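Only one structure is covered here, and it is reproduced in the block below.
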Amino acid sequence: MKADKTRENIFSRRTALVVGGQFALLSGLVARMYYLQVHQADRYRTLADENRINLRLLPPPRGFIVDRFGEAMAINVQNYRLVIIPEQAGDAPETLRRLVGLVEISDRDRRRVLREIKRRRAFVPLTIRDGLSWSEVSRLEVNAPDLPGVDIDVGLSRFYPQGTVAAHILGYVSAVTEKLRTGDPLLELPGFRIGKRGIEKRHDLALRGSAGSSEVEVNAIGRVIRELRRREGQAGQRVDLTIDASLQAFVAERLAAEKSAAAVVLDVRNGEVLAMVSTPSFNPNAFNEGLSVPEWRRLVNNPLSPLTNKTISGQYAPGSTFKIAVMLAALEAGISPEQKAFCSGHIKLGNQRFHCWKRVGHGAMTMIDAMRESCDTWFYTIALKLGIDKIAEAAQRLGLGETLGVDLDGEKPGLIPTRAWKKAVIGRRWQRGETLISAIGQGYVLTTPLQLAVMMARVINGGHAITPKIQREPPSGAGDEEIVAVDSPSIGYSAEALKLVATALDSVVNNPRGTAYKSRIRTPSMAMGGKTGTAQVRRISVAERESGILKNNQLMWRERDHALFVGFAPVNDPRYAISVVVEHGGGGSSKAAPIAKDILVTAQKLDSSRNTPPSRVARAPNAERDFD
Amino acid sequence: MASRLNSRNPHFLPRLWRLNWTLVILLLLISSIGFAMLYSAAGGNWEPWASRQSMRLGVGVVLMIVVALIGVRIWMRAAYFVYAGALALLVAVEAFGAVRMGAQRWIDLKVILFQPSEVMKIALVLALARYFHSLNIEDISRPQYLLVPLLLVGAPVALVIRQPDLGTALLLLIGGGAMFFLAGIRLWKFLVLFVGILVAAPTAWPFLRPYQQDRVLTFLSPERDPLGAGYNLLQSKIALGSGGMLGRGFLQGTQSHLSFLPEKHTDFIFTMLAEEFGLFGGLGLMGLYVLVLLYGVAISIRSQSQFGRLVGMGVTVAFFLYVFINIAMVMGVVPVVGVPLPLISYGGTAMVTLLGGFGLLMSIHVDRDVRMGRYGEPRDD
Chain A
1 MKADKTRENI
11 FSRRTALVVG
21 GQFALLSGLV
31 ARMYYLQVHQ
41 ADRYRTLADE
51 NRINLRLLPP
61 PRGFIVDRFG
71 EAMAINVQNY
81 RLVIIPEQAG
91 DAPETLRRLV
101 GLVEISDRDR
111 RRVLREIKRR
121 RAFVPLTIRD
131 GLSWSEVSRL
141 EVNAPDLPGV
151 DIDVGLSRFY
161 PQGTVAAHIL
171 GYVSAVTEKL
181 RTGDPLLELP
191 GFRIGKRGIE
201 KRHDLALRGS
211 AGSSEVEVNA
221 IGRVIRELRR
231 REGQAGQRVD
241 LTIDASLQAF
251 VAERLAAEKS
261 AAAVVLDVRN
271 GEVLAMVSTP
281 SFNPNAFNEG
291 LSVPEWRRLV
301 NNPLSPLTNK
311 TISGQYAPGS
321 TFKIAVMLAA
331 LEAGISPEQK
341 AFCSGHIKLG
351 NQRFHCWKRV
361 GHGAMTMIDA
371 MRESCDTWFY
381 TIALKLGIDK
391 IAEAAQRLGL
401 GETLGVDLDG
411 EKPGLIPTRA
421 WKKAVIGRRW
431 QRGETLISAI
441 GQGYVLTTPL
451 QLAVMMARVI
461 NGGHAITPKI
471 QREPPSGAGD
481 EEIVAVDSPS
491 IGYSAEALKL
501 VATALDSVVN
511 NPRGTAYKSR
521 IRTPSMAMGG
531 KTGTAQVRRI
541 SVAERESGIL
551 KNNQLMWRER
561 DHALFVGFAP
571 VNDPRYAISV
581 VVEHGGGGSS
591 KAAPIAKDIL
601 VTAQKLDSSR
611 NTPPSRVARA
621 PNAERDFD
Chain B
629 MASRLNSRNP
639 HFLPRLWRLN
649 WTLVILLLLI
659 SSIGFAMLYS
669 AAGGNWEPWA
679 SRQSMRLGVG
689 VVLMIVVALI
699 GVRIWMRAAY
709 FVYAGALALL
719 VAVEAFGAVR
729 MGAQRWIDLK
739 VILFQPSEVM
749 KIALVLALAR
759 YFHSLNIEDI
769 SRPQYLLVPL
779 LLVGAPVALV
789 IRQPDLGTAL
799 LLLIGGGAMF
809 FLAGIRLWKF
819 LVLFVGILVA
829 APTAWPFLRP
839 YQQDRVLTFL
849 SPERDPLGAG
859 YNLLQSKIAL
869 GSGGMLGRGF
879 LQGTQSHLSF
889 LPEKHTDFIF
899 TMLAEEFGLF
909 GGLGLMGLYV
919 LVLLYGVAIS
929 IRSQSQFGRL
939 VGMGVTVAFF
949 LYVFINIAMV
959 MGVVPVVGVP
969 LPLISYGGTA
979 MVTLLGGFGL
989 LMSIHVDRDV
999 RMGRYGEPRD
1009 D
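For the protein sequence lines, the chains are A and B, in the order given.
With this note's numbering, letter number 241 in the first sequence gets 241, and the count goes up by one each step, no holes.
With this note's numbering, letter number 149 in the second sequence gets 777, and the count goes up by one each step, no holes.
Structure follows, in C-alpha cells:
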C-alpha cells in the first residue's frame, strides 16, 4: 500500500499548490476591489451621479389603412388614460375613493393600483384606467382641483371608423401574446398592439413602422429632468386598398337583413376588389382592449361564424351560375348555339331520372333560351356530349377550383371535380349521372363567392384572366383614362363565344322570359346582365317528388336552398362584376338578384371604379403627419 | 454483498447526525444574503425573484442531504452512470433543447427549464475521480492511460461548445485540468497539452460556422460589441466603484435600481451587493466563500480514499471557479461570460447542482474513513 501512500502525498502536495493558487487569485480580486471602491471611489461616485441618461423607446404610430379614394378605414385615435402620480396625490386611497364617484373604476383596478403604489417609486405615473370617454374626461377636468396627483394621459389606439362594415378585410389588432414575442423590444412595450387578421395581419410589419428612441436626462433618483436627444422612429406605412368604402358600406347595409350572406364586387378590367362583404360581421374595435372570454366564445361558437370571411372561405355549390362555364365549354366543343334540345321536365339516364327545375318542361330550347330560362334538361343533354373533363377545363380557365391569391388569409380553393380527381380522392370511377348534376353546379362542385365574381369578370372583360387584388399603389393623381384596360393573359376563348355568353346573360335579366327579369335595372345605360343560381343543400327523395316538393318557406332555415347571383354592369361597357350568395336564402332570382341589382346600381352611381378621388370624399391625412 | 455494504455504512439516522451541519449553515447563510439581494433587485419585493429562489433553495437543500446520506462507495459505483446520464442529457439538448437568449442550453421540462451542462460539471468530477482512483500510481505516468480521461473531458466540452456556451466549456476544461493535476499527472504533460491546443485551435477555426467564429471573437474581445458587453462592464464598474467603503445602504443602490446595471439579478448581482454594502460587504461575502472553500479542502484531505479526495477537491475547485470568474468578470478582470455567483445569482440549475456537489462533499465527510479497492470494493488495511 505504499503506492496509495505516494498517491496521497502527491495529492496533498498538489492540493496545497491549488489552494495557494486560489488564495493568490482571490487576493488579486480583493486588491482590485480595493482599487475600485476605495482608491477610485470618488471618480466612480461622480460618474454614477452623472450617469443620468436613460434611453426610452418611442412606439411608432401604426400606419393607416385607406380605401381607394383615401378615405380612412383604420386610423389611430387618442385614447385617454387616467393616471395617478402617487407622490403628488398625497393620500392615494382617499384620492381613489373620490375618483370612484366620478368615473367607473372596477374593484380589481383599485386593488391593483393600491398594490402597485407600494412597489413603484412615487413619481412614476400609474395607469388607473384606459379608454376614458369624453364625458368622463370632462368630469375629471372639472374636478381637477380636488384631485391632486391625478392626470389624464393621451395615447394612441386603433380605430375603425366604419365599425363592422369592413371587419373581414381589415382584421383587427390586439395585445401581443407571449408566443408572438420575437425579442423586438417594441413588442415588449405595454399597450403595443399587433395585427391579428386580414390586412392588419398580412401587412403588419409595414403598418407597424419602427420605434424611435428618446434619451432623457434623469437625476440621481431617476426623475426625468429633460430630453436630451430624440431619434424619431419610422411611422408605419399607409396601406391603400382597392375597396370603395362607400360601396362597401352600402353592400354591408344591404346584406344586413340576411342571416348569413356574402357579396363581392370587382372591377372587371383589373380585378380590383371594390367591395367584399360577409354577413354577419364583428366589431374590430372591440378587440383593441381585449374581449372577455364569454364575448370571444360567443363569436367563435356562433353557428353563423361571424369571424369567417365567407367571400373567400365559404365554399358553396354554384348552382345554375355554373352554367356559364358549361356554355363556354359547349361553344368551345363546336356545339352550335342554334342546336335545339327538347325539355320534357326530366331526362332519363339508365333507370334514373334527372329533373329540370320546371316540372312541366321547357319544350324545345336553343342554347340562349336554355341560359335565359336556366333549363336544366338542356344542360343535362349537352353535358352528356361534353363529358365532365371538358366542363372542368372551362371552369378552371374561369378561375374556379383553385385559390386566386388574394392578399387575405383563409382563401379556400373550392372544388372542380374531374375523372382523375374522383379516382384519386374518392377512389371510384366517375358516373355519368355525376356529369349531369355537375353541369347544373351541384354534386361535388364548390366555389367561393370571390371565385364566382372572378368568373363573371373573366367572361365579360373579353376573356382576360384577371386576378383579384385588394391592395394597390396609392393613386398618383393621374386621370381616370389611365386605368389599363386589361393586361392579364387571355383565357383563350374566341370573341364570338364570349359575345354569345354575354348576350345570354343580358337576356337572363332583360328578357321578359329571363329568370332575373324582375330585377332588371330600368335605366338602359346602367342595365345589368347575369345568371341566377339556386343551390340545393338537401336531397329531394322520390317520395317527396311524388307528393310535391316542399317550398322553401316550409323548410327549416338550415335546409333551404342557397340563393346565388353573378352579374355585371353596365351591359354595353362592363365595368363591374358581382357575385351574391345568400345562405339558405331560397331562390337565386327572388333573393340574390334583387340584392345584386341594388348593389350594381349603387356602384355605378358612386362610380366606384374610378382611379382618382372625387371631390365628395375628404382625403384622410397621411399617417406620417397626423399624430406623434 | 448488500448486507455487508449496509453493515459498513452507518444507518440513516446516525448518518444524518454525522453530517457536517456547520457547512450546511454556512451555505444557508450565503443563500440568505442572496435572497436579500434579490429582494433589493426587485425594488424591495419578494416577487418575482427572491420567492422563487427560496423554493429552489429548498429543493437544493433536500437534494444535498439526500446525496449526503448515500454512501461514498455507492457514488463510486454510480460515477460512470451519472456521467453517461449527463452526457445523454447534453445530446438531448442538442436534439430538442429550447433556445434562450440566443443559445440552446436548456431542456424544457414544462415546470422548470433545465440546463444539463451544469449537471455535467459535477458528473465529470465523479467520472474522473473514479477513473483516477482505479489507476495505479505507475500507470498514471503512462500516456496511453490518459486517453480515456481526455475523452471524458473532451466529449462534454465539444457538446457544450456547440450550444454554444464557451464559458461553461472553459469551466469544464479548467475543472477537468485541476483533476488531472491533483491525480498526479506530470506537469510537463500539461505543457504538451497546452501547446497542442494552441496548435490545434487555428486548424479547427475554418471548420466553425461563421456565427460561431463571431461568438468566439466576441468572447475573446468584448470591445467588438461596445453597446453590449462593453456597456455592461462600464456600468458594472461605475456601480461597484461608487459603493465605496461602506456602500450606499440596503435598497439604496442608485445604479442598480435605475436599471443602469444590466442583469442585476443574475450575473451582475455581486456588483449590486458591492454598491449597496461597499467594500466591507463584498469582502464579507468573499470571506464566507473562503470558509466554504477551506471546509472543502479540509474534507478532501481528510478522506482515506483517492476517490473521496478527488471528488472533494473537484467540487471545491468548481465552486472556486464560479466565485472567482463571476467576481473577476464584474470587476472587468476577465471577459464577460455568463457565470453565476454561487448561491446568490437568480437561477435554479446552478444552485441545485452546486448543492448536489456539496452533498457529495458531505457524503465524503461522513465516509472519510472508508477505504475502497480499485472498483469500489471494501478494503481494510
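Idealized CB from N, CA, C, for every residue including glycine.
Since we're looking at a predicted model, the values are computed, not measured.
Original post:
What residues from chain A crowd round S745 (chain B), counting only those whose CB sits closer than 9 Å?
Top reply: The premise fails here: S745 (chain B) is roughly 23 Å from chain A at the closest Cβ pair, so nothing lies under 9 Å.
Original post:
Can you name, in chain order, every residue of its own chain whose Cβ lies under 7 Å from the Cβ of Q880 (chain B), other than the five neighbours on each side?
Top reply: E904
**OP:** Assuming I470 (chain A) contacts D389 (chain A) (C-beta within less than 8 Å), just tell me the rounded distance between them.
**Re:** Actually they are not in contact, since the Cβ atoms of I470 (chain A) and D389 (chain A) sit about 33 Å apart, beyond 8 Å.
Subject >> Cα-Cα separation between V83 (chain A) and Q883 (chain B), rounded to whole angstroms >> reply: 27 Å
**OP:** Kindly indicate which three-state DSSP category I416 (chain A) falls into: helix, strand or coil?
**Re:** coil
Original post:
Thinking C-alpha only, which one of A:V216, A:R7 and A:V239 is nearest A74 (chain A)?
Top reply: Residue nearest to A74 (chain A) within the set A:V216, A:R7 and A:V239 is A:V239 (criterion: CA-CA distance).
**OP:** Using 10 angstroms around the beta-carbon of W357 (chain A), count the other beta-carbons present and answer buried if the total reaches 16, otherwise exposed.
**Re:** It is buried - the Cβ of W357 (chain A) has at least 16 other Cβ atoms within 10 Å.
**OP:** Tell me, please, which residues DSSP counts as bridged to M365 (chain A).
**Re:** M365 (chain A) pairs with A:A341.
Original post:
Residues of chain A with CB under 7 Å from L685 (chain B), in chain order?
Top reply: Those within 7 Å of L685 (chain B) in chain A number zero; the least Cβ separation is about 24 Å.
Original post:
Which of helix, strand or coil does DSSP assign to L911 (chain B)?
Top reply: helix
**OP:** Output the boundary residues of the alpha helix (DSSP H) element that contains A593 (chain A).
**Re:** A593 to L606
Subject >> Contacting positions in the segment 6 to 24 of chain A - beta carbon closer than 7 Å to chain B >> reply: From the segment 6 to 24 of chain A, only T6, R7, I10, F11, S12, R14, T15, V18, V19 and Q22 have a Cβ closer than 7 Å to chain B.
Original post:
Under the rule that 16 or more other beta-carbon atoms within 10 Å means buried, what is E373 (chain A), buried or exposed?
Top reply: buried
Original post:
What first and last residue would you give for the alpha helix (DSSP H) that runs through A946 (chain B)?
Top reply: Q934 to V958
**OP:** Hey, could you find the ends of the beta strand (DSSP E) G198 (chain A) is sitting in?
**Re:** G198 (chain A) -> not in any beta strand (DSSP E); alpha helix (DSSP H) instead, spanning G198 to R202.
Subject >> Cross-chain neighbours of Q934 (chain B) in chain A, by beta carbon under 8 Å >> reply: D4, R7, E8 and F11
Original post:
With distances taken between CB atoms, is the gap from L691 (chain B) to H893 (chain B) smaller than 7 Å?
Top reply: No, these two residues do not count as a Cβ contact at 7 Å.
**OP:** Consult DSSP for E891 (chain B) and reduce its assignment to one of helix, strand or coil.
**Re:** coil
**OP:** Compare the C-alpha of Q213 (chain A) against each of A:A424, A:K259, A:L186 and A:G529 and name the closest.
**Re:** Residue 213 (chain A) is actually Ser in this sequence, not Gln. The shortest Cα separation from S213 (chain A) among A:A424, A:K259, A:L186 and A:G529 belongs to A:L186.
Original post:
Closest Cβ-Cβ distance between L810 (chain B) and chain A: below 7 Å?
Top reply: yes
Subject >> Terminal residues of the beta strand (DSSP E) in which R129 (chain A) lies >> reply: Residues L126 to R129.
Original post:
Can you tell me whether M556 (chain A) is buried or exposed, with buried defined as 16 or more other CB within 10 angstroms of its CB?
Top reply: exposed
Original post:
What number of angstroms, rounded off, separates the C-alpha of Y1003 (chain B) from the C-alpha of V710 (chain B)?
Top reply: 16 Å
Subject >> Cut-off 7 Å between Cβ atoms - residues of its own chain near G172 (chain A), not counting five sequence neighbours on either side >> reply: First, the residue type needs correcting, since residue 172 (chain A) is Tyr and not Gly in the sequence shown. K196, R197, E200, P284 and F287.
Original post:
Using the C-alpha atoms, what's the distance from S12 (chain A) back to F908 (chain B)?
Top reply: Approximately 33 Å, taken between the alpha carbons.
Original post:
L989 (chain B) CB to nearest chain A CB: under 7 Å?
Top reply: no
Original post:
Touching or not, the segment 255 to 264 of chain A and the segment 132 to 142 of chain A, by the rule of three or more beta carbon pairs under 8 Å?
Top reply: no
Original post:
In terms of residue numbering, what span does the beta strand (DSSP E) encompassing K531 (chain A) cover?
Top reply: G529 to A535
Original post:
When the Cα atoms are used, what is the spatial distance from S292 (chain A) to A235 (chain A)?
Top reply: 30 Å
Original post:
What are the residues that DSSP puts in a beta bridge with G155 (chain A)?
Top reply: A:N79
Subject >> Distance CB(I312 (chain A))-CB(T515 (chain A)) smaller than 7 Å >> reply: no
**OP:** Check whether the Cβ of A41 (chain A) lies closer than 7 Å to any Cβ atom in chain B.
**Re:** yes
**OP:** Starting from the N-terminal side, write out each stretch of the alpha helix (DSSP H) that is 4 residues or longer and does not extend beyond the segment 401 to 461 of chain A.
**Re:** As far as the segment 401 to 461 of chain A is concerned, its whole alpha helix (DSSP H) runs of at least 4 residues are 432 to 439 and 449 to 460.
Subject >> Three-way DSSP call (helix, strand, coil) for P1010 (chain B) in this model >> reply: As displayed, chain B neither begins before 629 nor continues past 1009, which places residue 1010 (chain B) out of reach and without an answer.
**OP:** Can you give me the start and stop residues for the alpha helix (DSSP H) that S762 (chain B) sits inside?
**Re:** P744 to S762
Subject >> As assigned by DSSP and simplified to three states, the class of E561 (chain A) >> reply: The sequence shown places Asp at residue 561 (chain A), not Glu. Note: D561 (chain A) maps to coil in three-state DSSP.
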